[in-house]
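Participant:
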Amino acid sequence: MSRTRCSSPLAPTPPCLYYLKIVDAFEHDGCQVIIIQGLPRNDLFDVLPTLSGEEITKVATQLASYLCQLRSAPLPHPPSISGFASKSIRDTRISLSNHPVKSFGTVAEFHKFFIASQFLEIPPQDEEGVRKLIATAHGKSHSVVFTHNDLHPCNILVDRHLKITGIID
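Counting in the UniProt record's numbering, the sequence shown runs from 1 upward without gaps.
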């Protein structure tokens with residue numbers, strides 16, 4: 001499994017899986033020694049129901065800053081709609097089983113595939129209008145940016161002071 005850190009030092013990404021941080025690694029008497037430190041493990045999902053409006057604003061402000069940093073991270077050339085560590089993407093809007101789907105060279109390619117993969121029950125008399133509306137909505141051009149495909153409160157770690165300590169996947 002690959003791990004990736006954003007190129008910006010300000011975006012809080014845990015340096016290791018399982019909420020652990022490698023503090024040091026060395027060899028001692030022929031054995032490899034790794035010293036690890038646990039990261040604060042409260043995810044936002046657990047604490048969100050207890051937060052005041054002011055506290056939610058505090059977390060939201062931090063998150064907005066980190067998402068701006070993620071979205072400004074340099075992309076490979078040419079950019080594509082794909083998973084970071086592989087060419088395929090996992091998107092439950094396309095495949096509820098979360099099976100990997102191919103990558104796409106453009107946003108238009110992705111939208112075409114996305115629309116074709118949907119099971120839509122449209123009354124025959126509305127078919128043309130609905131299809132036109134969908135094509136218009138998905139016909140808009142968008143910039144391709146680095147982002148987190150399934151960001152939700154369970155993937156946001158906070159400490160007891162509500163400082164975001166990690167954004168995980």
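Built from N, CA and C at the ideal position, the CB exists for glycine as well.
Put residue 170 into one of helix, strand or coil per three-state DSSP.
Facilitator: Within the shown structure, residues of the chain are numbered from 1 to 169, placing residue 170 beyond reach of any answer.
Participant: Using alpha carbons as the reference points, say which of ALA64, SER95, PHE146, GLU54 lies closest to PHE119.
Facilitator: Taking each of ALA64, SER95, PHE146, GLU54 in turn and checking the Cα distance to PHE119, the smallest one comes out for SER95.
Participant: Is HIS111 helix, strand or coil by DSSP?
Facilitator: In this structure, HIS111 counts as helix in the three-state DSSP scheme.
Participant: Please go through the same chain and pick out, in chain order, the residues whose beta-carbon is closer than 8 Å to the beta-carbon of LYS163, but skip the five residues on each side of it.
Facilitator: Excluding sequence neighbours, LYS163 sits near GLN62.
Participant: Assuming ASP43 and LEU157 form a contact by the criterion Cβ under 8 Å, report the distance between their Cβ atoms to the nearest whole angstrom.
Facilitator: 6 Å
Participant: Who are the near neighbours of PRO100 in its chain, counting only those whose CB is closer than 8 Å to its CB and skipping five residues on each side?
Facilitator: So the list reads GLY83, SER86, SER88, ILE89, ARG90, once near-sequence residues are dropped.
Participant: In terms of residue numbering, what span does the beta strand (DSSP E) encompassing VAL158 cover?
Facilitator: 156-158
Participant: Assuming the contact rule is C-beta atoms closer than 8 Å, VAL144 and VAL107 should be a hit. Round their C-beta distance to whole Å, please.
Facilitator: 7 Å
Participant: Beta carbon of ASP126, beta carbon of HIS148: below 8 Å?
Facilitator: no
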